[in-house]
Structure formats: structure tokens, C-alpha cells
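A short write-up of the structure that comes next.
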Amino acid sequence: MRQRQGLIALAFLAPALVCLAVLRIVPAISAVVESFYSESLLRGGRVFAGLSNYTDLLGSKDFRQSVGVTLLFTVLVNPIQVVVAFLLAVLFTQKAAGSKLWRTLVILPIATPPAVSAVIWSVIYRPDGLGNGVLERLGLPAQPFLTSSSQVLPSLIVLLSWIGVGYWMLFLIAGIQEVPVEVREAALLDGAGPWRRMVSVTLPLVRRPLAFVLVADTVSNLLVFAPVQILTKGGPNGNSNLLMYDVYNRAYALGDIHVAQAEVVILVALTLVIVAGQFRLLRGDQ
Amino acid sequence: MKRVSLSALGGVVGILFFLPLLWVVTNSLRPGSETFAHLKLSWQTFFELRPTLHNYSALLSSDVGRATLNSIFVSALTVIIGLAVCATAAFGLAAFEFRGRGLVFGIVVLSFLVPFDAIAIPLSTMFRDWQLTNTFTGLVLPGIGNGMAIFLLRQFFLGIPAELVEAGRLDGLGWFGVFRWIYLPLSKPALIGAGLMLFLFQWQAYVWPLLIGTDAKHILGPVALSNLQGQNFADYGLVFAGAVVLTVIPLVVIAGFQRYFVQSVSSTGLK
Numbered sequence: 000m001r002q003r004q005g006l007i008a009l010a011f012l013a014p015a016l017v018c019l020a021v022l023r024i025v026p027a028i029s030a031v032v033e034s035f036y037s038e039s040l041l042r043g044g045r046v047f048a049g050l051s052n053y054t055d056l057l058g059s060k061d062f063r064q065s066v067g068v069t070l071l072f073t074v075l076v077n078p079i080q081v082v083v084a085f086l087l088a089v090l091f092t093q094k095a096a097g098s099k100l101w102r103t104l105v106i107l108p109i110a111t112p113p114a115v116s117a118v119i120w121s122v123i124y125r126p127d128g129l130g131n132g133v134l135e136r137l138g139l140p141a142q143p144f145l146t147s148s149s150q151v152l153p154s155l156i157v158l159l160s161w162i163g164v165g166y167w168m169l170f171l172i173a174g175i176q177e178v179p180v181e182v183r184e185a186a187l188l189d190g191a192g193p194w195r196r197m198v199s200v201t202l203p204l205v206r207r208p209l210a211f212v213l214v215a216d217t218v219s220n221l222l223v224f225a226p227v228q229i230l231t232k233g234g235p236n237g238n239s240n241l242l243m244y245d246v247y248n249r250a251y252a253l254g255d256i257h258v259a260q261a262e263v264v265i266l267v268a269l270t271l272v273i274v275a276g277q278f279r280l281l282r283g284d285q
Numbered sequence: 000m001k002r003v004s005l006s007a008l009g010g011v012v013g014i015l016f017f018l019p020l021l022w023v024v025t026n027s028l029r030p031g032s033e034t035f036a037h038l039k040l041s042w043q044t045f046f047e048l049r050p051t052l053h054n055y056s057a058l059l060s061s062d063v064g065r066a067t068l069n070s071i072f073v074s075a076l077t078v079i080i081g082l083a084v085c086a087t088a089a090f091g092l093a094a095f096e097f098r099g100r101g102l103v104f105g106i107v108v109l110s111f112l113v114p115f116d117a118i119a120i121p122l123s124t125m126f127r128d129w130q131l132t133n134t135f136t137g138l139v140l141p142g143i144g145n146g147m148a149i150f151l152l153r154q155f156f157l158g159i160p161a162e163l164v165e166a167g168r169l170d171g172l173g174w175f176g177v178f179r180w181i182y183l184p185l186s187k188p189a190l191i192g193a194g195l196m197l198f199l200f201q202w203q204a205y206v207w208p209l210l211i212g213t214d215a216k217h218i219l220g221p222v223a224l225s226n227l228q229g230q231n232f233a234d235y236g237l238v239f240a241g242a243v244v245l246t247v248i249p250l251v252v253i254a255g256f257q258r259y260f261v262q263s264v265s266s267t268g269l270k
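Chains A and B supply the protein sequences, listed in that same order. Per numbering that gives the first Met the number 0, the first sequence starts with residue 0, numbered consecutively. Per numbering that gives the first Met the number 0, the second sequence starts with residue 0, numbered consecutively.
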């Protein structure tokens with residue numbers, strides 16, 4: 000009976016399993032396998048290369064810069080986005096006129112596809128674009144934004160936060176709304192001020208959605224691609240050359256597919272290490 | 000007093016987030032040559048008193064217009080096929096007890112832990128070998144096997160009482176009948192949530208369409224728009240109109256199914 004059930008279940012599962020295996024798992028394995036090979040003109044084909052693709056990468060200054068830029072970007076963008084999303088979630092769950100409408104305005108940009116957002120912001124960041132128009136009105140000097148080595152990452156962070164913060168805020172609002180009313184009222188009766196209530200009551204009770212947001216946000220920011228490819232091409236001087244763009248560039252502009260696969264493996268490994276570390280940290284102080 | 004200041008703060012934040020979109024809409028309603036005419040910030044930067052739909056009519060006959068139709072076609076196909084594939088799989092996982100169920104479930108979870116964009120480049124090499132570049136099949140395929148959608152549907156299916164299934168079986172329904180006539184009708188909210196997930200995955204995709212669909216017949220909206228922007232003599236009116244259309248379509252879909260959208264978003268993170 001159980002075996003028969005198994006066969007029927009398998010029939011229902013087969014299309015999805017084939018899709019998942021061929022479209023997700025096989026390419027992941029193939030990236031690992033291919034990263035140990037290289038194309039040899041002399042011997043006319045694919046030859047086993049051991050770790051040489053990896054040592055080539057580690058020896059390359061451009062790659063090391065790309066890792067450095069990616070780590071710097073990760074350390075900056077994730078805390079900023081999570082903190083802003085949390086503060087906005089707290090703000091928009093207060094009883095105040097127009098809260099629903101203002102909240103909707105913050106969420107709207109998540110409908111815009113990332114590549115379209117990048118195109119929009121490419122016009123905002125032009126020397127004669129909206130960005131400098133705003134600065135001028137505030138009496139501030141015009142800024143170069145994307146063409147400045149020191150401003151390019153902050154500019155990308157602003158654009159990515161415009162896209163992403165509303166999305167992460169949704170999770171946190173859902174989390175805050177699940178905090179029982181009695182708990183909040185009890186804190187109010189105990190005379191806790193708003194700051195105290197946020198830190199000692201709300202924050203610990205939304206730990207789980209907060210942890211999820213931090214981890215998911217980190218993964219998505221490690222894979223940022225469209226804004227770099229559309230706005231900066233990794234420049235100026237490699238200062239926005241995030242790993243995902245470097246992989247693409249290596250595979251398609253330089254045609255170095257095997258080294259690119261090695262870089263994919265490193266990128267995924269880096270992601271896993273960072274995510275595992277975050278999980279540990281978040282569980283550690285419970 | 001406190002409420003007034005909270006409301007004012009919320010208003011300022013909301014409007015700051017909204018300004019770029021308002022600016023895009025305004026500029027889509029004026030000739031591209033005037034995009035940078037209101038450089039000195041004034042109310043005219045964000046409002047157009049003599050709006051024209053010229054950019055939108057130009058969009059219809061442009062590459063971006065055609066690419067948008069491609070995006071609609073590819074996304075619709077992804078939702079239909081994807082839901083069929085994911086719902087049957089979720090049924091297989093939820094309704095049967097069999098050896099290796101844990102293993103299969105593990106594969107499903109593993110498949111959505113590997114971020115798709117990270118494997119897009121190795122996968123595109125495989126698709127090139129299979130000659131699926133510049134085909135709709137190649138564009139649609141990666142969207143249909145969505146582990147997260149399977150996971151969501153399975154969670155929902157697990158809540159369907161076994162007595163209903165037994166009653167259906169006694170009435171002579173086959174297993175496919177149970178799936179079609181008991182599970183599916185009871186699962187509309189979960190199916191809509193999963194459908195939204197499949198739709199947004201495909202509509203927002205950029206890396207994959209850039210790698211796989213590059214000829215005029217198969218290019219998708221976001222890729223076409225970014226190509227347009229890359230040209231030196233870009234007509235910004237057209238760029239803005241394209242950006243509006245590519246944003247409004249998902250916005251309408253999300254707004255229409257708002258309840259299910261929030262449900263599917265929050266259940267991925269919290270439960």
C-alpha cells in the first residue's frame with residue numbers, strides 16, 4: 000500500500016523534481032565541477048586544471064578589489080536597510096493620521112523591477128538630473144555621484160534602499176502587528192516611554208522576522224547586479240565592481256567561463272559563510 | 000500633538016519615497032526634450048499642466064513596447080505552467096505517505112536556498128548547449144520550478160482534512176480527481192499567493208533575460224529599457240513612459256490581489 004502510494008506521489012512530483020534538479024541543482028554542481036577545468040588551445044578542449052582557476056583568481060588584483068568592495072558594501076548596506084526598515088515599521092504601526100497612505104507610498108517602489116529602478120536613477124544621478132536639482136534647492140553644491148570613487152557605493156546604497164526598504168518593512172510590520180496588544184498596554188501602564196517600549200518590548204518580540212529580514216537582505220545584496228551593470232559597469236576604478244557583476248563580466252566580456260565558474264563558487268561560499276555567521280550571532284544571544 | 004508630529008514625519012518619509020516615481024510619471028507626460036528643462040527645482044519639476052500622451056503612443060511602436068508584450072506573455076506562461084507544476088508537486092508531498100518523502104522535501108527546500116541569480120551564469124551555458132537561447136522556452140523554464148511556491152502550497156494543503164479526501168475516494172474519485180476537485184477549489188488563496196510569487200519572479204528578472212533573450216523577438220521589457228537608456232541620443236520621454244508601464248502592470252496585479260500578496264510575503268518569513 001505504502002509503495003503504491005509512493006509511486007502515485009512520484010507521478011505528481013515528477014515534473015517539479017525534474018525542473019528543480021535540471022534548473023537549480025545540476026547547474027550548481029556543474030559550476031563546481033567546471034571550476035576545476037580549463038580550456039586548452041594546445042590540447043584542443045577541456046582539461047583538468049585542479050585549483051589553478053582559484054589560484055589565478057586569488058592572484059588577480061582586480062578580483063581581490065572586487066571582494067573588498069563587495070565586503071565593504073555588505074557591511075554598509077545591510078545594517079542601514081534593516082535599521083531603516085525597522086524604524087519605518089515602528090513609525091507606520093503608530094496610530095496617526097494618514098499612516099496607511101504614507102506606508103503605501105513607501106511600498107510602491109517594490110513594484111518597479113530592479114532594472115527599471117536602475118534606469119530611473121541613472122537619470123536622477125546625471126549631472127543635470129533630479130539629484131543635483133534637489134541639492135541646489137537645499138543650497139548645496141552639485142555632486143558627481145556615480146563618477147566619483149567615493150560616492151559611487153553610497154549612491155548605489157540609496158538606490159537599493161529605495162527599492163528594498165519597503166519590502167523588508169512589510170515583514171517587520173507583520174511581525175509588530177503580531178505583538179499582543181496586552182503586552183504593549185502593560186508596558187504603557189508601567190510607564191515605559193516610547194524609546195523604552197521600542198527597545199525592550201517591540202524589538203525582542205520581532206526577533207524572528209528581524210533575523211529573517213537581515214539574512215534575506217544580505218543574500219539579495221550579495222547578488223546585486225542590475226544597478227551595477229546599468230549604472231556604473233563596476234567603475235570608476237573598480238570601486239563598484241561587486242562580485243556578481245565581476246562574474247558576469249568575466250564570463251561574457253572576457254570569455255573566461257571556467258574562471259567565472261570558480262568565482263560563482265566563491266560567491267556562493269561567501270554568501271553561505273555570512274548567512275551562517277548571522278544565524279549564529281542571532282541565536283547566540285538568545 | 001504627538002499624533003500630529005508622527006503623522007507629519009510619516010508624510011515626509013512617504014513623500015520622499017514617492018518623489019522619484021512622481022518625477023518619472025510627470026516626465027512621461029512631457030516631450031523628452033523638456034526632461035532637463037526644469038532643472039531648478041520648482042513645482043513644475045513634479046507637475047505638468049499640459050500633459051501629452053505622445054510618449055506612450057511612441058512606446059507602442061518602439062522596441063520597449065514590443066518587449067513589454069513579450070514580458071506579459073512570458074510572465075503569464077510562467078504563472079500558468081508554474082502553478083500546474085508546483086501545485087501537483089505540493090499535492091504529492093502533502094497527500095501521501097511514502098518512503099523518501101523527507102528527502103524529496105529536502106530537495107525542494109535546498110533548491111530555493113541556492114539563489115537563482117548565482118547559478119544563472121552556469122545555467123545559461125547549459126541552455127546555450129541545448130540551443131534554448133532566444134526562445135520563449137528558454138525564458139520561461141527557470142521560472143516554473145519554484146521551490147518556494149511548492150513549499151507554500153504544501154503548507155496550505157497540509158491543512159485540508161483527511162476526511163474530505165476519504166469521502167472523495169469513497170465517491171469514486173481517483174487521486175487526480177481528489178487533487179482537481181477537492182484540493183484546488185479549497186486552496187484559492189494559496190494558489191493566488193503562489194501565482195503572484197511566480198509572476199513577480201519572472202516580471203522582475205533581469206540577469207536571466209539578459210543572458211538568454213537578446214534578439215528583437217525575445218527581448219523582455221527591463222532589458223529593452225536599459226538598452227534604450229544606454230544610447231547616447233536617448234529619448235528620455237520614451238524611457239520614462241516605458242518605466243511607468245513596466246511599473247504599473249505589476250502594481251495593478253499586486254493591488255488587485257493585495258490581501259494574498261501580504262499573506263504570501265509574511266508567510267515566507269514568519270511561519
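Glycine included, each C-beta is placed from N, C-alpha and C at the ideal position. None of the values given here were measured: they were computed from a predicted structure.
Along the beta strand (DSSP E) that carries residue i, what are the first and last residues, could you check?
{"i": "Phe47(A)", "result": "44-47"}
{"i": "Glu38(A)", "result": "36-39"}
What distance in whole Å lies between the Cβ atoms of residue j and residue i, which are believed to be in contact at a cut-off of 8 Å?
{"i": "Leu271(A)", "j": "Val212(A)", "result": "So it is not a contact: roughly 18 Å between Cβ atoms."}
{"i": "Val63(B)", "j": "Leu224(B)", "result": "6 Å"}
{"i": "Val247(B)", "j": "Val118(A)", "result": "The pair is not a contact, with the Cβ atoms about 15 Å apart (cut-off 8 Å)."}
{"i": "Ala117(B)", "j": "Val263(A)", "result": "6 Å"}
{"i": "Gly229(B)", "j": "Leu245(B)", "result": "Not quite, the Cβ-Cβ distance comes to about 16 Å (not below 8 Å), so this is no contact."}
{"i": "Tyr205(B)", "j": "Ala225(A)", "result": "4 Å"}
{"i": "Leu12(A)", "j": "Gly144(B)", "result": "In fact, because the Cβ distance is near 11 Å, the residues do not count as touching under 8 Å."}
{"i": "Val195(B)", "j": "Phe256(B)", "result": "Residue 195(B) is actually Leu in this sequence, not Val. Confirmed, about 6 Å."}
{"i": "Val274(A)", "j": "Val182(A)", "result": "With 8 Å as the limit, Val274(A) and Val182(A) do not qualify as a contact, their Cβ atoms being about 30 Å apart."}
{"i": "Met168(A)", "j": "Val105(A)", "result": "6 Å"}
{"i": "Ala93(B)", "j": "Leu28(B)", "result": "Contact flag wrong, Cβ pair sits at about 50 Å."}
{"i": "Gln176(A)", "j": "Thr92(A)", "result": "7 Å"}
How big is the Cα-Cα spacing for residue i and residue j?
{"i": "Leu221(A)", "j": "Tyr244(A)", "result": "10 Å"}
{"i": "Ser149(A)", "j": "Leu280(A)", "result": "31 Å"}
{"i": "Ala8(A)", "j": "Ala27(A)", "result": "26 Å"}
{"i": "Asn131(A)", "j": "Lys232(A)", "result": "22 Å"}
{"i": "Tyr320(B)", "j": "Leu227(B)", "result": "A question about residue 320(B) goes unanswered here, because the residues of chain B that appear run from 0 up to 270."}
{"i": "Pro14(A)", "j": "Ala88(B)", "result": "8 Å"}
{"i": "Leu253(A)", "j": "Val227(A)", "result": "17 Å"}
{"i": "Gly174(A)", "j": "Leu159(A)", "result": "23 Å"}
{"i": "Val180(A)", "j": "Asp189(A)", "result": "14 Å"}
{"i": "Leu71(A)", "j": "Asn240(A)", "result": "11 Å"}
{"i": "Phe135(B)", "j": "Ile109(A)", "result": "26 Å"}
{"i": "Ser51(A)", "j": "Tyr36(A)", "result": "9 Å"}
{"i": "Leu155(A)", "j": "Phe175(B)", "result": "50 Å"}
{"i": "Ala66(B)", "j": "Ser123(B)", "result": "20 Å"}
{"i": "Pro140(A)", "j": "Pro126(A)", "result": "11 Å"}
{"i": "Gly9(B)", "j": "Val17(A)", "result": "48 Å"}
Within a Cβ cutoff of 7 Å, which residues of the same chain sit near residue i, ignoring the five residues on either side of it in sequence?
{"i": "Ala210(A)", "result": "Leu281"}
{"i": "Phe17(B)", "result": "none"}
{"i": "Ala233(B)", "result": "Leu227"}
With respect to the alpha helix (DSSP H) encompassing residue i, which residues constitute its N-terminal and C-terminal limits?
{"i": "Ile14(B)", "result": "1-27"}
{"i": "Glu33(A)", "result": "25-33"}
{"i": "Trp194(A)", "result": "193-196"}
{"i": "Glu181(A)", "result": "180-188"}
{"i": "Val223(A)", "result": "Note, Val223(A): premise wrong, no alpha helix (DSSP H); not H, not E."}
{"i": "Pro160(B)", "result": "Taken as a continuous stretch (DSSP letters only), Pro160(B) belongs to no alpha helix (DSSP H), as it is neither H nor E."}
{"i": "Trp129(B)", "result": "Premise fails: Trp129(B) is in no alpha helix (DSSP H) and is neither H nor E."}
{"i": "Gly58(A)", "result": "51-58"}
{"i": "His53(B)", "result": "53-59"}
{"i": "Ala88(B)", "result": "62-94"}
{"i": "Asp245(A)", "result": "242-247"}
{"i": "Ile218(B)", "result": "No alpha helix (DSSP H) holds Ile218(B); DSSP gives it neither H nor E."}
{"i": "Val243(B)", "result": "235-255"}
{"i": "Trp180(B)", "result": "Element bounds for Trp180(B): n/a, residue is neither H nor E."}
Between which residues of its own chain and residue i is the CB-CB distance below 8 Å, once the five residues before and five after are set aside?
{"i": "Leu131(B)", "result": "Gly137, Leu140, Ile211"}
{"i": "Leu19(A)", "result": "none"}
{"i": "Ile181(B)", "result": "Ile159, Leu163, Val164, Gly167, Leu172"}
{"i": "Thr51(B)", "result": "Leu28, Arg29, Pro30"}
Please return the same chain residues whose Cβ sits closer than 6 Å to the Cβ of residue i, not counting the five positions on each side in sequence.
{"i": "Leu21(B)", "result": "Phe45"}
{"i": "Phe200(B)", "result": "Gly142"}
{"i": "Leu242(A)", "result": "Ser65, Thr69, Leu266"}
{"i": "Ile149(B)", "result": "Cys85, Ala88, Ala89, Val107"}
Exercise for the section: Could you run through the region 104-129 of chain A and flag, in chain order, every residue whose CB is less than 9 Å away from some CB of chain B? Expected result: Leu104, Val105, Ile106, Leu107, Pro108, Ile109, Ala110, Thr111, Pro112, Pro113, Ala114, Val115, Ser116, Ala117, Val118, Ile119, Trp120, Ser121, Val122, Ile123, Arg125, Asp127, Gly128, Leu129
Problem - Members of the region 117-130 of chain B near chain A, C-beta cut-off 7 Å - result: Ala117, Ile118, Ile120, Pro121, Leu122, Thr124, Met125
Exercise for the section: Could you name the residues of the region 44-61 of chain B whose beta carbon sits closer than 7 Å to any beta carbon of chain A, in the order they occur along the chain? Expected result: Thr44
Problem - Residues of the region 237-252 of chain B with Cβ closer than 7 Å to any Cβ of chain A, in chain order - result: Val238, Ala242, Leu245, Thr246, Pro249, Leu250
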